[in-house]
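S.K.: Under this note's numbering, the residues of the sequence shown are numbered 25 to 315, in order. Before I ask anything, here is the structure I am working with.
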Amino acid sequence: MRIEHMREFLAIHDEGNFSRAARSLFMAQPALSRHVQELERELGVKLLDRDKHSVRLTEAGERAYKGFRQILRNYERLTDDIASYKGGLVGNLRIGMLYYTIRQDFGDAMERFSAEYPGVRLRRFSYQPQEVFHALAEERIDVGVLPRANYPEADWLCYQDVHTGGLSALVSADHPLASRGGLTLDDLADETGVLLRDDPYSNRCYAEALERVGFAQHSVVYTDNIDTVPLELKRGRFVYLIPQGLPLPGFEGELVEIPIRAEGLSVTKSLAWRADNDNPMVPLFLEIAKR
25 MRIEHMREFL AIHDEGNFSR AARSLFMAQP ALSRHVQELE RELGVKLLDR DKHSVRLTEA
85 GERAYKGFRQ ILRNYERLTD DIASYKGGLV GNLRIGMLYY TIRQDFGDAM ERFSAEYPGV
145 RLRRFSYQPQ EVFHALAEER IDVGVLPRAN YPEADWLCYQ DVHTGGLSAL VSADHPLASR
205 GGLTLDDLAD ETGVLLRDDP YSNRCYAEAL ERVGFAQHSV VYTDNIDTVP LELKRGRFVY
265 LIPQGLPLPG FEGELVEIPI RAEGLSVTKS LAWRADNDNP MVPLFLEIAK R
């Protein structure tokens with residue numbers, strides 16, 4: 025039984041389905057499915073029940089989940105102990121990334137951290153903003169990227185700002201506004217905005233930014249998540265707000281980013297971590313990210 029297969033099984037449960045788990049692990053979904061089948065064959069029991077949209081653990085899967093988590097904790101302690109014996113700073117650091125803006129959010133901070141602390145195992149998880157928040161809340165990651173906002177009941181979060189900038193409107197190439205070089209808030213007064221059903225955290229960040237300059241979107245439609253935004257924009261004459269300079273990759277020529285020119289309109293992305301996180305690698309990483 026392989027350690028990595030155990031990690032993958034935990035990720036399937038934590039992410040809620042195979043596709044998100046595969047994406048967070050940077051692997052192909054068919055390979056992930058094969059590894060689960062290998063675990064089931066080796067244990068002689070069915071571990072997961074799945075449908076088109078989600079998976080749930082069987083009773084045996086619940087037992088396996090708890091056992092695998094304990095095995096992995098013990099394994100990480102063992103590897104840390106052995107590395108400490110060999111000398112040098114060792115440990116683990118778990119990073120939650122927004123998969124569509126990894127380079128913009130981190131630059132080369134992860135590479136520099138690994139070069140400076142080669143004994144620290146850096147584990148990367150690919151998320152959407154709401155998944156970063158929940159992973160921090162459930163202590164599944166140490167540091168994650170979040171849009172900065174006044175989240176309710178989140179006084180346990182600490183922040184180090186990464187980027188502050190204006191907002192742009194993202195529209196389809198055939199939208200009447202697509203040819204404009206810039207927009208005012210008045211230009212958006214009668215436009216229908218797109219919000220993410222699964223991501224109240226980005227929604228809140230952008231709403232607070234607009235509220236600070238006395239503006240609110242009066243007409244909105246909801247789409248499932250960031251991956252379905254392009255389809256929604258091409259389906260109708262809608263507007264999606266994004267931080268300036270961070271367009272959705274892969275839709276060049278189909279979507280157009282137009283800067284919004286409004287004094288005081290800005291949003292901030294931050295590295296976030298729990299105030300009670302005692303992992304000594306967290307301040308070391310934050311110091312490198314700040315350089």
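Glycine residues also receive a C-beta, built at the ideal position from the N, C-alpha and C atoms.
Please classify R259: does DSSP put it in a helix, a strand, or coil?
M.R.: helix
S.K.: Give the straight-line distance between the Cα atoms of S226 and M51, rounded to the nearest whole angstrom.
M.R.: 26 Å
S.K.: Nearest-angstrom Cα distance between L209 and M30?
M.R.: Their Cα atoms are separated by approximately 50 Å.
S.K.: How would you label E235, buried or exposed, when you count the other beta carbons within 10 angstroms and need 16 or more for buried?
M.R.: exposed
S.K.: Measure the C-alpha to C-alpha separation of S78 and R93 and round it to an integer number of angstroms.
M.R.: 21 Å
S.K.: Under three-state DSSP, which class holds M51?
M.R.: coil
S.K.: Once you ignore the five residues that flank L181 on each side, which residues in its own chain have a CB closer than 6 Å to its CB?
M.R.: A296
S.K.: Rounded C-beta distance between V186 and V167? I'm assuming under 8 Å.
M.R.: Rounded, the Cβ-Cβ distance is 11 Å, inconsistent with contact.
S.K.: Please state the DSSP three-state secondary structure of Q184.
M.R.: strand
S.K.: Per DSSP, what kind of secondary structure is A161 in: helix, strand or coil?
M.R.: helix
S.K.: If I follow the unbroken beta strand (DSSP E) through R298, where does it start and stop?
M.R.: V291 to R298
S.K.: Would you mind sorting L191 into buried or exposed? The rule is 16 or more other CB atoms within 10 Å of its CB.
M.R.: By the Cβ-count criterion, L191 is buried, with 16 or more other Cβ atoms from all chains shown falling within 10 Å of its own Cβ.
S.K.: Just checking my contact of F149 with I165 at CB under 8 Å: how many whole Å lie between their CB atoms?
M.R.: 6 Å
S.K.: What residue from A233, D251, R261 and V114 has the CA that sits closest to S243's CA?
M.R.: R261
S.K.: Leaving aside the five residues before and after Y141 along the sequence, list all residues of the same chain whose C-beta is less than 7 Å from its C-beta, in chain order.
M.R.: If you ignore the 5 residues before and after Y141, its C-beta comes within less than 7 Å of the C-beta of L113 and L308, all in its own chain and listed in chain order.
S.K.: Under the assumption that R228 contacts Y183 (Cβ atoms under 8 Å), give the Cβ distance between them as a whole number of angstroms.
M.R.: With a Cβ gap of about 15 Å, R228 and Y183 do not count as contacting.
S.K.: Going straight from the alpha carbon of L194 to that of D129, what length do you get?
M.R.: When only Cα atoms are considered, L194 and D129 end up about 20 Å apart.
S.K.: So, helix, strand or coil for Y123, using DSSP?
M.R.: Three-state result, Y123: coil.
S.K.: Would you report the Cα separation of G206 and S48, rounded to the nearest angstrom?
M.R.: 36 Å
S.K.: Go to Y246, then tell me how far its beta strand (DSSP E) extends in each direction, as first and last residue.
M.R.: Element bounds for Y246: V244 to T247.
S.K.: Are at least three pairs of beta-carbons, each pair with one atom in the region 212-220 and one in the region 243-254, less than 8 Å apart?
M.R.: yes
S.K.: Using CA atoms only, rank isn't needed, just tell me which of A139, L289 and M25 is closest to Q61.
M.R.: If you compare the alpha carbons of A139, L289 and M25 with that of Q61, the shortest gap goes to M25.
S.K.: Can you find a heavy atom of the ligand GDP that lies under 6 Å from the Cβ of Y123?
M.R.: By its list of ligands, the structure shown contains no ligand whatsoever, and the ligand GDP lies outside what it can speak to.
S.K.: Could you tell me the boundaries of the beta strand (DSSP E) in which F239 lies?
M.R.: No beta strand (DSSP E) holds F239; DSSP gives it neither H nor E.
S.K.: Can you tell me the Cα-Cα spacing of L279 and A178, whole angstroms?
M.R.: 35 Å
S.K.: The alpha helix (DSSP H) that contains A313, what's its start and end?
M.R.: For A313, the enclosing alpha helix (DSSP H) begins and ends at M305 to K314.
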